[in-house]
Amino acid sequence: MPMVYIGADHAGFEAKELLKEFFSQKEIKVEDCGALVLDQEDDYPDIAHEVAVKIQKDSESLGILLCGSGGGVAVAANKHNGIRAIQAWDKESAQLARKDDNANIVAIGARLIDKETIEEIADTFVSTAFSNEDRHKRRLEKVHNLENL
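In short: position in the sequence shown from 1, add 5, done, that's the working numbering.
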């Protein structure tokens, strides 16, 4: 299993804490990148940056980001070269993002998705491997070429 870096702003803080316990029970290594305390005034770009930098330094690792909608952390994470953050609403979207797009961060809307589904999304994302199919590798190379435009 890859190392998992997890982060959340105030809106995703409770769900992040639940996921840490969930992964601990499955003996999956998780590093909490913040917020380390519940702070209603924290900002999701700061948390997304912390996780994205960890992924950039450890290309075999995966990230999980939580905020109210999942959208803010996905946008912020995708500003980093080499990051392929996707928003997932169910385990199928998480699985396809890993299998076809080699996504390395999943963004989850903690205010929009129930706790059981959040666990399913995170578990599926972490346990699904990239397919390595030629068509997907070709498409990802094209995406990579867009990073420096």
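Don't be surprised by glycine CBs; every beta carbon is placed ideally from N, CA and C.
Note that the coordinates shown come from a computational prediction; the quantities given were computed from them, not determined experimentally.
Please state whether DSSP places residue i in a helix, a strand or coil.
i	result
residue 92	strand
residue 33	coil
residue 110	strand
Near residue i, what residues of its chain come up, given a Cβ to Cβ distance below 8 Å and the 5 sequence neighbours on each side ignored?
i	result
residue 23	120, 123 and 124
Among the residues of its own chain, which have a CB less than 6 Å from the CB of residue i, if the five just before and after it don't count?
i	result
residue 71	13, 17, 20, 21, 113 and 115
residue 93	99, 111 and 126
Three or more C-beta pairs below 8 Å linking the stretch 95-102 and the stretch 54-67:
no
In the stretch 11-79, which residue ranges form an unbroken beta strand (DSSP E) of at least 3 residues, counting only runs that do not cross its ends?
35-37 and 67-72
Assess, as a yes-or-no matter, whether the stretch 123-137 is touched by the stretch 107-115 under the definition of 3 or more beta carbon pairs within less than 8 Å.
yes
Evaluate contact between the stretch 37-55 and the stretch 131-142, counting only Cβ atoms and requiring at least three cross-stretch pairs below 8 Å.
As far as the Cβ criterion goes, the stretch 37-55 does not touch the stretch 131-142, which means the pair count is below three.
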